[in-house]
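Quick note, my numbering runs 853 ahead of the 1-based positions in the sequence shown.
Just so you know, even glycine gets a beta-carbon here, dropped at the ideal spot from N, CA and C.
Worksheet for the structure shown next.
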Amino acid sequence: MGATTLGALVGGAIDSMSGDDSAADGAIIGAIAANVLKVAVPIVITYAIGWAVLKGAGEILGAVTGKSTAD
Numbered sequence: 854m855g856a857t858t859l860g861a862l863v864g865g866a867i868d869s870m871s872g873d874d875s876a877a878d879g880a881i882i883g884a885i886a887a888n889v890l891k892v893a894v895p896i897v898i899t900y901a902i903g904w905a906v907l908k909g910a911g912e913i914l915g916a917v918t919g920k921s922t923a924d
């Protein structure tokens, strides 16, 4: 709940700087963005770690067998 609240506060503050309407729509967009990031960031980090592990395993296998990983 903290990330959603913080996203709403930041979104509302950014939206209210334009001064043409209320900050409510910016707060809603900020809360949605915070919830999307709560899901997307762990997925991206997991993918990056998995890629690095597979890349390292390929390099180790190439060093052991003497074959280039580019082949």
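Let's test the definition: count the other Cβ atoms within 10 Å of the Cβ of Ala877 and tell me whether it reaches 16, buried, or not, exposed.
exposed
List the endpoints of the continuous alpha helix (DSSP H) containing Ala884.
877-918
Using 8 angstroms for Cβ pairs, my map puts Gly883 next to Ala910. What's the rounded Cβ distance?
About 40 angstroms separates the two Cβ atoms, so there is no contact after all.
Please report the distance separating the alpha-carbon of Ile867 from that of Lys891.
20 angstroms
Quick check: what's the CA-CA separation for Leu907 versus Val894?
20 angstroms
Whole angstroms is fine: what's the gap from Met869's alpha carbon to Ser875's?
The sequence shown places Ser at residue 869, rather than the Met named in the question. Between Ser869 and Ser875, the C-alpha separation is close to 6 angstroms.
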